[in-house]
Amino acid sequence: MKKLKKLNHLESNLKVFQSGENLNEKFYDLKDDLLRDKHKGSYVMSHDGRVYISYKEFKEYQEERLNRKIIYRSFSSIAKESDFFTTEFSKYKKMLFFYIEKSNPTLTSKSSTSMDIKGFQLFLKILKSINIKFEDFNKIDYLLQNKIYDQFYNTKNLFKSNIRNLNRFFNNISKFSDTYLMSSFKNNSQHSLPRKGIPSSIIFQLDYFCEKELNENLEIFKKVVEWKKEYKNFILFSLENLAHTYYKSNQLNSIKFQVNKISKCLYKIDLKIWKLKKGSKYYYKDIKHEKEHKRLLKLSKKGVDISFKNEKMYYFWHITLFPNFPYDNKLNNKFNLIGHKLNSFRELYMKILKRKKLPPNLNKLFYVSREEIYVLFLFILIREGINPEVLKNWEVKKIDNTYTIGIETPSAYIIRASKIRSNSYYDTLIRKEHSQIKFIKSYLEHMKELYNNSNSSKFFQYYTRSNTLIQSNFNPIIQFDKSNWKSPTKSLNDFFTKYEIFDNEGNRINKINFSEIRPYYNYKNYLQGLNEYVRQHLMNHKDKSMTINHYENLTEWKESRNFKVAKIKDEIIGIFKGTISSSPLDKLFNGLISDCKNPQEPDYSEYINLKEDERCIDWFNCLNCSQAHIIPKIHGPVIKAWIDYMEEKEIDFIKKSDFEKEFANSLTIAYSVFNGFTNEEQIFAKKESSKYYDVVRCRFYKKVKLKQEGA
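Every position in the sequence shown, counted from 1, becomes a number in our numbering once 40 is added.
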């Protein structure tokens with residue numbers, strides 16, 4: 041796989057801190073001037089006070105506050121542990137500032153800031169205890185993390201706070217490091233744990249509701265496309281439309297009031313031109329006003345009602361008054377005189393709908409939020425089995441005025457993305473007829489303005505209305521990455537709030553771990569008859585041990601294996617107890633493709649050495665073995681089905697060399713055996729082979745261990 045160049049942006053950022061240019065709000069108290077300049081560099085700021093990293097300065101600050109009887113603000117310290125960065129580990133002080141700066145975009149609470157510092161302290165202590173020097177955050181990887189946790193769990197006096205602080209440190213590093221993604225560990229020293237897998241019963245629910253939600257989004261996106269076309273040829277605030285809405289509409293007076301303000305602003309015409317109205321009779325200031333009213337009434341007959349009593353009219357009003365929404369909430373300069381604000385406009389719409397909150401799908405008309413991106417991300421993970429780290433790195437490219445993704449071939453799209461941790465590229469092939477492509481294309485079109493306003497080329501981005509980010513002048517367009525992989529549970533549009541998904545015990549599911557989807561995908565491939573090598577290839581694993589150890593931990597997989605083992609054990613026990621009438625070897629070792637003369641001494645290529653209490657049951661290597669005894673009328677149909685299966689698989693392989701590595705030898709021998717049958721035997725085998733279509737696609741163990749009596 042193609043290698044990526046090493047990313048060194050952290051090194052250049054760190055130089056800024058090493059030069060002393062770190063006097064921002066995180067390291068300089070802008071609210072309390074007491075000793076702030078003298079103690080500069082001895083504290084870190086939280087949003088509710090200083091957190092000292094020097095006990096001496098902390099005590100001085102505390103005493104001075106008490107002397108001045110200052111009690112309006114609390115103060116904090118890492119207690120006597122604060123001297124950590126002023127004594128033995130003083131050389132890491134500037135790295136601490138860099139780490140704090142990069143861990144969180146804004147100030148956090150004192151407790152959170154203290155935990156961040158303590159986590160870094162603990163990390164450095166453990167490194168020292170195992171004689172490892174630390175100079176660069178880019179050097180932190182999975183192996184180093186493994187060593188840290190091994191040492192940590194082998195020490196005495198473990199406290200939950202220490203575990204929490206260390207986990208927090210590694211999580212913070214994963215936020216800003218392009219070369220590291222945190223792995224979760226349990227409280228023991230055995231860290232190479234297999235991944236849990238989400239049961240298929242939950243996966244099926246997720247897949248169904250994801251597709252349902254995406255189809256709903258697709259319909260909304262289609263509406264917006266049609267409305268945009270209509271809007272281009274529609275003058276919303278024409279005088280005819282304004283007059284018609286003001287005179288003919290039965291909407292609220294507040295709507296008519298806004299319509300009249302727009303008329304005054306654009307045309308200098310007051311639609312309420314009469315002086316007094318009693319019933320249906322109008323009284324005017326003069327004859328000139330009466331004539332003008334009649335003219336406007338006549339003009340109104342050419343217009344249409346534009347009061348925003350439906351989504352389309354609301355959309356037209358919204359994009360007219362606030363053309364740059366959501367990237368800013370500024371009113372169109374043409375309408376400055378009406379003094380309308382976005383919130384009051386939305387409140388008016390809620391008043392019309394008689395709702396306390398805006399419809400949950402309303403924002404989808406204007407931008408893609410995290411909720412919409414979450415569902416698409418989850419759906420593609422389920423359908424394609426991609427590593428989440430690779431999927432988040434999908435990128436778009438702009439050609440003319442259109443955004444595209446991947447390389448289009450006559451039958452499929454090939455999307456290449458990087459996996460930073462393994463320093464490699466991975467290709468995902470999605471056939472054009474798959475629904476994933478339909479949704480991806482729709483999102484690309486709907487997110488066009490977002491991409492135009494973004495500094496990133498990542499496909500998975502969304503817009504946030506977070507006041508914290510907007511007020512802090514941070515870009516409100518965010519990449520959907522590992523810091524956002526938890527479902528946005530507080531949102532009205534949250535996937536797990538909208539759809540009820542249950543586990544096998546009837547418990548409601550409110551979030552999932554993306555990394556637990558791939559084990560299911562591997563199991564699905566197994567059920568489809570794909571062997572270990574092909575599954576390894578599809579998962580982009582360097583060796584099959586990764587596929588077996590980390591992605592075969594699904595409960596259903598274990599149950600399937602246990603069932604097969606139990607079935608074999610039952611047959612063995614039946615033989616030993618005498619409850620099976622056939623001879624033991626005939627019953628137990630009559631294989632699918634041939635009978636076996638001696639299952640204790642297989643001699644096919646790459647056979648497994650057997651122990652005394654083990655028997656070979658590697659049926660699909662029987663034709664390569666001298667112990668095979670083939671009866672054409674019994675084994676012929678299975679052999680023909682096996683040949684058909686291998687020929688079918690040859691088409692599926694992209695590289696011929698991959699197929700030859702897996703099947704070429706078996707297929708050659710199977711051809712040789714089948715061609716040795718008589719014409720009558722071949723006809724019989726072809727006729728009966730369909731009965732074994734599913735059997736030859738099953739996976740079997742290569743050996744079985746006999747249970748001894750009394751064991």
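Every residue gets a Cβ at the ideal spot worked out from N, C-alpha and C, and that includes glycine.
State the start and end residues of the unbroken alpha helix (DSSP H) segment that holds G676. Element bounds for G676: 672-692.
Helix, strand or coil for A459? Go by DSSP, reduced to three states. Reading off the sequence, residue 459 comes out as Lys, not Ala. K459 sits in a strand when the DSSP states are folded into three classes.
Mind listing, in chain order, the continuous alpha helix (DSSP H) runs of no fewer than 4 residues lying wholly within the segment 184-217? Entirely contained in the segment 184-217, the alpha helix (DSSP H) runs reaching 4 residues are, in chain order, 200-216.
Under the rule that 16 or more other beta-carbon atoms within 10 Å means buried, what is T468, buried or exposed? Flag for T468 reads buried.
Neighbourhood of V736 by C-beta distance below 6 Å, restricted to the same chain and skipping five residues each side: So the qualifying residues of the chain are A681, W682, Y685.
Look at the Cβ atom of I470, then the Cβ atom of A452, and state whether they are nearer than 8 Å. Taking 8 Å as the cut-off, the beta carbon of I470 is found closer than this to the beta carbon of A452.
Quick one: what does DSSP say H87 is sitting in, helix, strand or coil? The answer is coil: DSSP assigns H87 none of H, G, I, E or B.
Counting pairs of beta carbons, one from the segment 428-437 and one from the segment 266-277, are three or more of them closer than 8 Å? Counting Cβ pairs under 8 Å, fewer than three are found: no touch.
Rounding to the nearest angstrom, what Cα-Cα distance links L147 and N205 in this structure? A straight-line Cα-Cα distance of about 18 Å links L147 and N205.
Pull up the CB-CB distance for I302 and L279, whole angstroms please, since I reckon it's below 8 Å. That belief does not hold up - the Cβ atoms of I302 and L279 are roughly 10 Å apart, past 8 Å.
Beta carbon of H333, beta carbon of W314: below 8 Å? For H333 and W314, yes; Cβs fall inside 8 Å.
What separation, rounded to the nearest whole angstrom, lies between the Cα atoms of E473 and I480? Taking the straight line from one Cα to the other gives about 12 Å.
Can you tell me whether DSSP reads S224 as helix, strand or coil? Low per-residue confidence applies at S224: pLDDT is 49, beneath 50, and the placement is therefore not dependable, though the value from the model is reported in the following sentence. Of the three classes helix, strand and coil, the one that applies to S224 here is coil, per DSSP.
For the segment 270-313, which segments carrying the alpha helix (DSSP H) assignment without a break, of at least 4 residues, lie completely within its bounds, in sequence order? Runs of the alpha helix (DSSP H) inside the segment 270-313: 279-288, 293-307.
Does the segment 547-560 come into contact with the segment 405-422, if we say contact requires no fewer than three beta-carbon pairs (one atom in each stretch) closer than 8 Å? Yes, they touch.
Apply the 10 Å Cβ neighbour rule to F277 and answer buried if 16 or more other Cβ atoms are within range, or exposed otherwise. Around the CB of F277, 16 or more other CB atoms lie within 10 Å, so the residue is classed as buried.
Buried or exposed (CB count within 10 angstroms, at least 16 for buried), K226: Unreliable positioning characterises K226 in this predicted model, as indicated by a pLDDT of 42, which lies under 50. A coordinate reading is not provided.
Are the beta-carbon atoms belonging to K498 and N257 less than 8 Å from one another? The answer is no: Cβ separation not under 8 Å.
CB contact flag (F385, L361, <8 Å): Yes, they are a contact pair.
Determine the DSSP secondary structure at E485, reduced to helix, strand or coil. Taken through DSSP and simplified to helix, strand or coil, E485 comes out as helix.
If you check the beta carbons only, do L164 and F177 fall under 8 Å apart? Between L164 and F177, the CB-CB gap reaches or exceeds 8 Å.
Simplified DSSP state of R737, which is helix, strand or coil: Looking at R737 - three-state DSSP - the assignment turns out to be helix.
Selected residue, minimal CA-CA separation from F406, among M487, E387, T449, P428: Looking at the Cα atoms, M487 is the closest of the given residues.
Restricting to Cα atoms, I'd like to know which of F417, D543, D181 is closest to S217. Out of F417, D543, D181, D181 has the C-alpha closest to the C-alpha of S217.
Roughly how many angstroms separate the alpha carbons of G237 and Y248, rounded to a whole number? Counting only the Cα atoms, Y248 lies some 18 Å from G237.
Report all residues from its chain with a CB closer than 8 Å to the CB of L752; omit the five preceding and five following residues, and keep chain order. Here the chain covers residues 41 to 751 and nothing more, so residue 752 does not appear.
Proximity of V436 and Y491 at Cβ, strictly below 8 Å: If you check the CB distance, V436 and Y491 come in under 8 Å.
F356 (DSSP reduced to helix, strand or coil): DSSP places F356 in helix when its eight states are reduced to three.
Please check the pair F500 and F520, which I expect to be a contact at CB under 8 Å, by giving their CB distance rounded to whole angstroms. Taking the Cβ atoms as the reference, F500 lies roughly 4 Å from F520, within the contact range of under 8 Å.
Measuring only the C-alpha atoms, how far is F616 from D653? Bear in mind that the predicted position of F616 carries a pLDDT of just 43, short of 50, making it unreliable; the figure below should be weighed with that in mind. So the alpha carbons of these two residues sit roughly 14 Å apart.
When you compare the CB positions of N207 and S143, do they come within less than 8 Å of one another, or not? Contact flag unset, no.
Does the Cβ-Cβ distance between F717 and P672 come in under 8 Å? Closer than 8 Å, so yes.
Quick check: what's the CA-CA separation for Q476 versus D658? A straight line joining the alpha-carbon of Q476 with that of D658 spans about 39 Å.
If the criterion is Cβ atoms closer than 8 Å, does the pair E104 and L74 meet it? Cβ atoms of E104 and L74: closer than 8 Å.
Alpha-carbon spacing of N350 relative to E540, whole angstroms: Between the C-alpha atoms of N350 and E540 there is a straight-line separation of about 29 Å.
Taking S666 as the reference, which of E485, D635, N376, F542 has the closest Cα? Cα-wise, what sits closest to S666 is D635.
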